[in-house]
Amino acid sequence: MTAAAKAMRPDAGEDARFMASALALGRRGLGNVWPNPAVGALIVRYGAEGPLVVGRGWTQPGGRPHAEIEALARAGILARDATLYVTLEPCSHHGKSPPCADAMIAAGVSTVVSAMEDPNPEVAGRGHARLKAAGVAVRIGTGAAEAARTHVGHIRRMRDGRPAITLKLAISTDGKAGLRGRRPAAITGERARDRVHRLRAMHDAIAVGIGTVLADDPLLTCRLPGMIGRSPIRVVFDSSLRLPLESRLVESAKETPVWVLAAPSAARDRKEALRARGLEVLDVDVSAPGRLDLRAALRLLAERGITRVLLEGGPILAAAMIAADVVDEVALFEGRMQIGPDGIDALEGMPTSALKNSPRFKSAGEESVGDDRLQHFVRA
945 MTAAAKAMRP DAGEDARFMA SALALGRRGL GNVWPNPAVG ALIVRYGAEG PLVVGRGWTQ
1005 PGGRPHAEIE ALARAGILAR DATLYVTLEP CSHHGKSPPC ADAMIAAGVS TVVSAMEDPN
1065 PEVAGRGHAR LKAAGVAVRI GTGAAEAART HVGHIRRMRD GRPAITLKLA ISTDGKAGLR
1125 GRRPAAITGE RARDRVHRLR AMHDAIAVGI GTVLADDPLL TCRLPGMIGR SPIRVVFDSS
1185 LRLPLESRLV ESAKETPVWV LAAPSAARDR KEALRARGLE VLDVDVSAPG RLDLRAALRL
1245 LAERGITRVL LEGGPILAAA MIAADVVDEV ALFEGRMQIG PDGIDALEGM PTSALKNSPR
1305 FKSAGEESVG DDRLQHFVRA
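The numbering used here numbers the first residue of the sequence shown as 945 and each following residue consecutively.
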């Protein structure tokens, strides 16, 4: 390392600033890189004239190339003696591609600032150890809290064998989600609906119960301009396979995948009819008559590579997920309309105040979205 570079070692504030940039880069991959985590990387050279960013990278669609490899390719020879900021420990094992730690050593990176250790048992500290053994300085922990939130799907899948769950609710001022008779209602405005499409694009899968499908006939795609290709897998919890063959989900299954979770005892002819139309029907054990075992269902999704699920309804499935303590984040949209006592509760058998005041969740802020209000909650 040159004398000028040694004289310009970053302080904690610069580390935090560049890690924030790496985290922003990594979030570009959310919903588009499973089963891999959405990692961001930034390469910075420190010299007499101050820091200079020479390479940026984020995990590419499908999970490869990894963020570090992308950043190194952009930096080229300028990576030598530079500092690499990365939002998750670099991999150290041979998978579908060589270890990122080896590529960083070969490129001559002098310092790695890593937000957190990778919970993947195939990594779990080995990437950091490999770098240190090669003489690379390693600093761990900058931006750890935000990295843990960004990588919550990967963490849940590795540690708990399930994807992270984000519950999206749209409620009226009196806590209702629909009209009498389970008829849908336009509770929020256009800007809030656009925000929901953005949320969809940042998740690997959308999950709904069959009651929502029967009531709303939803499409569940990301319909922002130019983003239809970012539509996630659509998952329907449907123990007895009541999904109508003429529904929009079935009609669009060959363009955007649909997975139907059903009881093993569901009618074979229904399974074959749905499969013939391009849907995947997956057997899941039941916990009670007509009720799929939620933990078994989530474990199956994780085994198939899903890391982040946006739960969009309905009230029965949402309440069951909360009761099972598998919800990690909540996006609560509140419109201005009032539906009245005959409306459908947003959560079956529990008021939304039970969610807002639950010790399981803490507020992560709120904001106005058009005429509506969005409240964020995260697991406490």
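From the three backbone atoms N, C-alpha and C, an ideal C-beta is built for every residue, glycine too.
Expressed to the nearest angstrom, what Euclidean distance is found between the alpha-carbon atoms of residue i and residue j?
i              : j               : result
serine 1184    : arginine 961    : 52 Å
arginine 1101  : alanine 992     : 44 Å
proline 1065   : leucine 1022    : 32 Å
cysteine 1166  : valine 1253     : 14 Å
glycine 1071   : proline 1034    : 5 Å
glycine 1293   : aspartate 1227  : 27 Å
alanine 1220   : alanine 1078    : 54 Å
arginine 1106  : aspartate 1182  : 19 Å
histidine 1147 : alanine 1264    : 20 Å
alanine 947    : lysine 1076     : Only weak support exists for where alanine 947 lies, its pLDDT of 44 falling under 50; the value from the coordinates is given anyway. Approximately 22 Å, taken between the alpha carbons.
glycine 1087   : arginine 1103   : 20 Å
leucine 969    : glycine 1001    : 7 Å
leucine 1049   : arginine 1248   : First, the residue type needs correcting, since residue 1049 is isoleucine and not leucine in the sequence shown. The straight-line gap from Cα to Cα measures roughly 33 Å.
arginine 989   : methionine 963  : 14 Å
isoleucine 987 : alanine 1197    : 41 Å
alanine 1019   : valine 977      : 23 Å
proline 1005   : valine 1067     : 21 Å
glycine 1284   : threonine 1296  : 15 Å
aspartate 955  : asparagine 1301 : 40 Å
leucine 1291   : glutamine 1282  : 16 Å
lysine 1306    : valine 1322     : 6 Å
lysine 950     : methionine 1060 : In this predicted model, lysine 950 has a pLDDT of only 46, less than 50, meaning its place in the structure is not dependable; the value taken from the coordinates is given anyway. Cα to Cα, lysine 950 sits roughly 25 Å from methionine 1060.
alanine 1081   : serine 1054     : 6 Å
glutamate 1134 : glutamate 1278  : 13 Å
valine 998     : aspartate 1062  : 25 Å
arginine 1192  : glutamate 1014  : 38 Å
serine 1231    : arginine 1243   : 14 Å
valine 1194    : leucine 1168    : 21 Å
proline 1208   : arginine 971    : 37 Å
valine 983     : proline 1188    : 39 Å
arginine 1235  : leucine 1158    : 17 Å
Tell me the DSSP secondary structure of residue i in three-state form.
i               : result
valine 983      : coil
leucine 939     : Outside the modelled stretch of the chain, which goes from 945 to 1324, sits residue 939, for which no answer is possible.
threonine 1003  : coil
serine 965      : helix
alanine 949     : Any reading at alanine 949 must be qualified, since the residue scores a pLDDT of 46, below 50, and its modelled position is unreliable; the value itself is stated next. DSSP places alanine 949 in helix when its eight states are reduced to three.
isoleucine 1084 : strand
serine 1307     : strand
aspartate 1138  : helix
glutamate 1033  : coil
serine 1297     : helix
glycine 1122    : strand
proline 1259    : helix
aspartate 1148  : coil
glutamate 1066  : coil
valine 1202     : strand
histidine 1098  : helix
Please list, in chain order, all residues of the same chain as residue i whose beta carbon is under 6 Å from its beta carbon, the five residues on each side excluded.
i              : result
histidine 1098 : Pro981, Thr1251
alanine 1092   : none
serine 1058    : Val1030, Glu1033, Ile1084
valine 1179    : Ala1149, Ala1151, Trp1203
leucine 1164   : Ile1150, Arg1178
proline 1201   : Ile1177
aspartate 1269 : none
leucine 996    : Arg989
proline 1303   : none
leucine 1245   : Pro1107
aspartate 959  : Val1057, Thr1086
aspartate 1161 : Ser1191, Arg1192
Excluding five sequence neighbours on each side, which residues of the same chain lie with their C-beta closer than 7 Å to the C-beta of residue i?
i              : result
valine 1096    : Ala1108, Asp1272
glycine 1153   : Phe1181, Gly1257, Gly1258, Ile1260, Leu1261
glutamate 1310 : Arg1317, Leu1318, Gln1319, His1320
proline 1043   : Cys1035, Ser1036, His1037
alanine 1211   : Leu1185
arginine 1174  : Gly975, Asn976, Ala1145, Cys1166
What are the partner residues of residue i, as DSSP defines its beta bridges?
i              : result
glycine 1153   : Phe1181
threonine 1110 : Leu1254, Glu1273
proline 1285   : DSSP, once it has assigned bridges, lists no residue as partnering proline 1285.
proline 995    : Tyr990
alanine 1232   : Arg1235
serine 1058    : Val1030, Ile1084
Write down the C-beta distance between residue i and residue j rounded to the nearest angstrom, noting that I regard them as a contact closer than 8 Å.
i              : j               : result
serine 1041    : proline 1009    : 7 Å
alanine 1047   : glutamate 1090  : Actually they are not in contact, since the Cβ atoms of alanine 1047 and glutamate 1090 sit about 25 Å apart, beyond 8 Å.
arginine 1137  : glycine 1155    : Incorrect: roughly 21 Å between the Cβ atoms, too far for contact.
aspartate 1289 : threonine 1132  : That pair is no contact at about 17 Å.
leucine 1143   : valine 1274     : At roughly 12 Å, the Cβ-Cβ gap does not stay under 8 Å, so leucine 1143 and valine 1274 are not in contact.
leucine 1299   : isoleucine 1266 : 7 Å
leucine 1255   : threonine 1110  : 7 Å
Tell me which same chain residues have a C-beta within less than 8 Å of the C-beta of residue i, skipping the five on either side of it?
i               : result
methionine 1171 : His1141, Ala1145
glycine 1287    : Ser1116, Asp1118, Lys1120, Ala1121, Gly1122, Leu1123, Arg1124, Ala1129
alanine 1241    : Phe1181, Leu1205, Val1228
Please find out if some non-hydrogen atom of the ligand HEM comes closer than 7 Å to the beta-carbon of residue i.
i            : result
arginine 989 : Summarising the ligand content, the structure contains no ligands, and the ligand HEM is consequently not present.
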